[in-house]
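Residue numbers (the numbering used here), protein chains in the order written: chain Y, 107 to 342; chain A, 3 to 391. Note that CB positions come from ideal geometry on N, CA and C, so glycine has one too. Model, not experiment: these values are computed from the prediction.
See the structure below:
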C-alpha cells in the first residue's frame, strides 16, 4: 500500500458494559490525508483508542467502513487483517510493549520475520531502524536495561522497521517526562516530514498535539472540530 | 515461527523451566523403571522352558515335600530327569546385610536340565565331584571378588550347623546365563551335602525338599505328565501341585499381589501428577504472556503462531525432561540390574521402555501446551493488549 489516505464512513462501535450498551463511536465520518501527522484528542471515553484500533485493524467495527489506501478493512477476515497490519502499519503504544526477553535489536527484528527477508537482511534493517532513532549503542540491551525514553524509541524503531506508510501511536508520551516526551515527539515529526509517514497519534496532552499537523477532536464518539496547526503557525 | 522467542521464553524463566524439566525427568525415569519392572516380569515368565515342570506342596511353597516322592515322580511316564531344589536362605559372613539366593540341587540332572547355564570359569565336573563345592553366578562373584577355588563361609538361617560355625562352600565354577529365567546371582551347591549334614547331626533344619523339577522327555505331553504327577499324591500323604515353569514364575512373581497392575497404577498416578504440574506451569506461562501475545498479534503474527509458541515451549520443556529422565535411566540401568536381578533377571530399560517414556513426556507436553495455546489463539488483540503487566 503506497497511499495511506484514510476514509472513515458511518463508523459505529459499541461495547456491552454491565448489561448496558455503550456506544463508543457513533456513525463517525472522517477523512485523513496521506503523509500528514494527526493528533487525536478528546476526553476519556470519547472513542480515541477505539478509533485507532479500528484504523489499525486491531478491532472490527459493528457497522461502517474503514478504507485505507483504497482497501476496505471491514471486508477483511482476522488473518487478512493480521497480514495487512504486518505490511502496512507500525504501532507505538503508551507502555512501549516490547517483549522483555528479547534485546532491542531482536524486538525491532520481530515484525520483519513476517517479511520474506533473510536473517542477515532482517538484522541489517533492524539496525538501520535503531540507528534512525539514535540507539546504535543500545542494540543488545534488554528492555529492562533501557530508560523509558529509550524503550519508546525502540518501539518506534520497531514500528518503522517494515517501512509502513501508516504509524499509529496510542499515548506514546504518556509514560515519559517532558524532556523525553519532546524527544519522542520530535522523532515522530521527523518520520512524518522526512519519510512522509502518515501518523495518527492519540494524546491527552495539548503540547504533544502541537507537534501534529492537524488535531482531530472527538467527543462522545462523534467528530468535533479539526484544527490545522500549520495554518495556526502560519497566522502566528 | 520466531523460534528464538520460544527459546528465550524458556531461558527467561530459567528456574521455573528447570523445575519443570526436572519434574518431567523424574516422572519419565519412574515410568521407565516401572515399565522395565513389568517387562522384566513378563520376560522372565515368557522365557521359561516348556519342558520343565515344577512340583511343590499343594499347601504352600514354604512346605517341604517328602524325600520319598522323588522315586515315584521319576517313574511318571514322560519324565526324563528329576532334580531337587532346596532353598537355603543363608547369608555371606562378610556381608550379612547383603542378599543372594542359595539353592541345594542335584548336580547331574541340573546340568542336563538347564542348558542356559554356561560355566565361564572353573569346571562343572569339579562341582559334580566335590561334595562341598558350589557354582556361583558371575554377578555375585564379581560383587564379592570371589575366585574359583576359594572357600566362602555362608551362615545358615534355616539350616544351621550344630557347631555354630558357618557352612564352607568351595567355588568350583562361575556361571553365566543367557536367559532371564536364571539370574547370575545365585549360588548352587549340592543337595546331598546338605542332606548328609542333617542326617549325621552336623546341622539342623527342616527335612525334605522344597521343589522337584521334572524334565519332560521329548515328544511327551507335559499336560499329561503334570496330571499324572498330581494324581500320584491325590490321597496324600501330602498333596502336590505341578505347574509349568512359566506358571510357577508367574505365581512366584505375584506372591506379593498383582505386581504389573500395581506398577501400572503407580505409573498412571505419576503420569497424572506430572501432567497437572506441567499443565499448571504452562497455564501460568500463558497468562503471564497475555500482553506479549497481544503485541505479537498487533505486529501481524497469526493466531496459529501465538498458539504454536506456547505449545512449542511446553513440548521443549517436556522433551528436555524426557532426555534427562531417559539419560538417568540408562546411566543407572547397571545398578538397577545388579540390585533386582535375583528377583527379576529380565529387568532392562529396553528400547520400547525408553520410547514409552519419551512418548508419554511428549504427549504431556502437547496436551499441556494446547490448553494455553488455544486460549492464546482465541484472545483478541485488543483484549490481550489491555492486560496489565
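For the ligand GTP, is there any heavy atom lying closer than 6 Å to the beta carbon of residue i?
| i | result |
| --- | --- |
| residue 272 of chain Y | Summarising the ligand content, the structure contains no ligands, and the ligand GTP is consequently not present. |
Would you mind reading off the limits of the alpha helix (DSSP H) that contains residue i?
| i | result |
| --- | --- |
| residue 179 of chain A | Here residue 179 of chain A belongs to no alpha helix (DSSP H); instead the beta strand (DSSP E) covers 169-179. |
| residue 141 of chain A | 140-146 |
| residue 334 of chain A | 305-342 |
| residue 262 of chain A | 261-290 |
| residue 334 of chain Y | Counting along the chain, residue 334 of chain Y falls outside any alpha helix (DSSP H), though it belongs to the beta strand (DSSP E) covering 328-334. |
| residue 230 of chain A | 224-234 |
| residue 144 of chain Y | That residue, residue 144 of chain Y, is in no alpha helix (DSSP H); its beta strand (DSSP E) goes 143-147. |
| residue 315 of chain Y | 312-315 |
| residue 304 of chain Y | Segment 304-308 is the beta strand (DSSP E) holding residue 304 of chain Y; no alpha helix (DSSP H) there. |
| residue 372 of chain A | 353-380 |
| residue 256 of chain Y | 254-266 |
Alpha carbons only, please: which of the options is nearest the one belonging to residue i?
| i | options | result |
| --- | --- | --- |
| residue 132 of chain Y | Y:335, Y:141, Y:167, Y:260 | Y:167 |
| residue 41 of chain A | A:239, A:237, A:261 | A:261 |
| residue 162 of chain A | A:385, A:93, A:221 | A:93 |
| residue 220 of chain Y | A:300, A:385, A:223 | A:300 |
| residue 37 of chain A | A:124, A:268, A:292, A:74 | A:268 |
| residue 234 of chain Y | Y:214, Y:330, Y:195, Y:289 | Y:214 |
| residue 47 of chain A | A:247, A:96, A:219 | A:247 |
| residue 72 of chain A | A:314, A:66, A:84, A:224 | A:84 |
| residue 202 of chain Y | A:296, A:306, A:374 | A:296 |
Applying a beta-carbon distance threshold of less than 7 Å, which residues of chain Y neighbour residue i?
| i | result |
| --- | --- |
| residue 37 of chain A | Under the 7 Å cutoff, chain Y gives no residues; its nearest Cβ is about 37 Å from residue 37 of chain A. |
| residue 383 of chain A | 164 |
| residue 297 of chain A | 203, 205 |
| residue 294 of chain A | 205 |
| residue 14 of chain A | 207 |
| residue 356 of chain A | Neighbours of residue 356 of chain A on chain Y: none; closest Cβ ~33 Å, over 7 Å. |
| residue 17 of chain A | Near residue 17 of chain A there are no residues of chain Y at all, since even the closest Cβ is about 14 Å away, more than 7 Å. |
Along the chain, where does the beta strand (DSSP E) that runs through residue i open and close?
| i | result |
| --- | --- |
| residue 106 of chain A | 104-107 |
| residue 132 of chain Y | 126-138 |
| residue 320 of chain Y | 320-325 |
| residue 120 of chain A | 119-124 |
| residue 173 of chain Y | 169-174 |
| residue 31 of chain A | Careful: residue 31 of chain A lies outside any beta strand (DSSP E), inside the alpha helix (DSSP H) at 16-48. |
| residue 196 of chain Y | 195-198 |
| residue 114 of chain Y | 112-123 |
| residue 153 of chain A | 153-157 |
| residue 273 of chain Y | 272-276 |
What does residue i pair with, by DSSP beta-bridge criteria?
| i | result |
| --- | --- |
| residue 191 of chain A | A:106, A:136 |
| residue 181 of chain Y | Per DSSP, none; premise fails for residue 181 of chain Y. |
| residue 3 of chain A | Partner(s): none; residue 3 of chain A has no beta bridge. |
| residue 210 of chain Y | Paired residues: none, contrary to the question. |
| residue 59 of chain A | A:242 |
| residue 89 of chain A | A:105 |
| residue 12 of chain A | Residue 12 of chain A pairs with nothing; no bridge assigned. |
| residue 84 of chain A | A:216 |
| residue 94 of chain A | A:97, A:156 |
| residue 54 of chain A | A:217 |
In chain Y, what lies closer than 8 Å to residue i by C-beta?
| i | result |
| --- | --- |
| residue 11 of chain A | 207 |
| residue 304 of chain A | 185, 188 |
| residue 100 of chain A | Under the 8 Å cutoff, chain Y gives no residues; its nearest Cβ is about 53 Å from residue 100 of chain A. |
Cβ closer than 8 Å: which chain A residues qualify as neighbours of residue i?
| i | result |
| --- | --- |
| residue 191 of chain Y | 300, 301, 302 |
| residue 138 of chain Y | Residues of chain A passing the Cβ test: none, with the nearest at roughly 20 Å. |
| residue 216 of chain Y | 4, 7, 298, 301 |
At the level of alpha carbons, what is the spacing between residue i and residue j?
| i | j | result |
| --- | --- | --- |
| residue 274 of chain A | residue 159 of chain Y | 43 Å |
| residue 327 of chain Y | residue 161 of chain Y | 15 Å |
| residue 81 of chain A | residue 59 of chain A | 19 Å |
| residue 391 of chain A | residue 305 of chain Y | At residue 391 of chain A the pLDDT is 48, less than 50, meaning the model places this residue with poor confidence; the figure from the coordinates comes in the next sentence. Looking at the two C-alpha atoms, the distance is approximately 27 Å. |
| residue 12 of chain A | residue 19 of chain A | 6 Å |
| residue 359 of chain A | residue 379 of chain A | 30 Å |
| residue 386 of chain A | residue 45 of chain A | 55 Å |
| residue 142 of chain Y | residue 303 of chain Y | 7 Å |
| residue 142 of chain A | residue 171 of chain A | 14 Å |
| residue 117 of chain Y | residue 129 of chain Y | 11 Å |
| residue 204 of chain A | residue 198 of chain A | 8 Å |
| residue 362 of chain A | residue 176 of chain A | 41 Å |
| residue 231 of chain Y | residue 260 of chain Y | 13 Å |
| residue 230 of chain A | residue 43 of chain A | 29 Å |
| residue 115 of chain A | residue 128 of chain A | 18 Å |
How would you list, in chain order, the residues of chain A whose beta-carbon sits under 7 Å from the beta-carbon of residue i?
| i | result |
| --- | --- |
| residue 159 of chain Y | 384 |
| residue 219 of chain Y | 4 |
| residue 233 of chain Y | Result: empty, since nearest Cβ-Cβ is about 16 Å, beyond 7 Å. |
Could you confirm whether any beta carbon from chain C is found closer than 7 Å to the beta carbon of residue i?
| i | result |
| --- | --- |
| residue 4 of chain A | Structure shown: chain C not included; protein chains present are Y and A. |
So which residues on chain A does residue i lean against when the C-beta distance must stay under 9 Å?
| i | result |
| --- | --- |
| residue 238 of chain Y | Simply none; closest approach about 18 Å. |
Residues of chain Y with CB under 9 Å from residue i, in chain order?
| i | result |
| --- | --- |
| residue 319 of chain A | Chain Y residues near residue 319 of chain A: none, gap ~15 Å exceeds 9 Å. |
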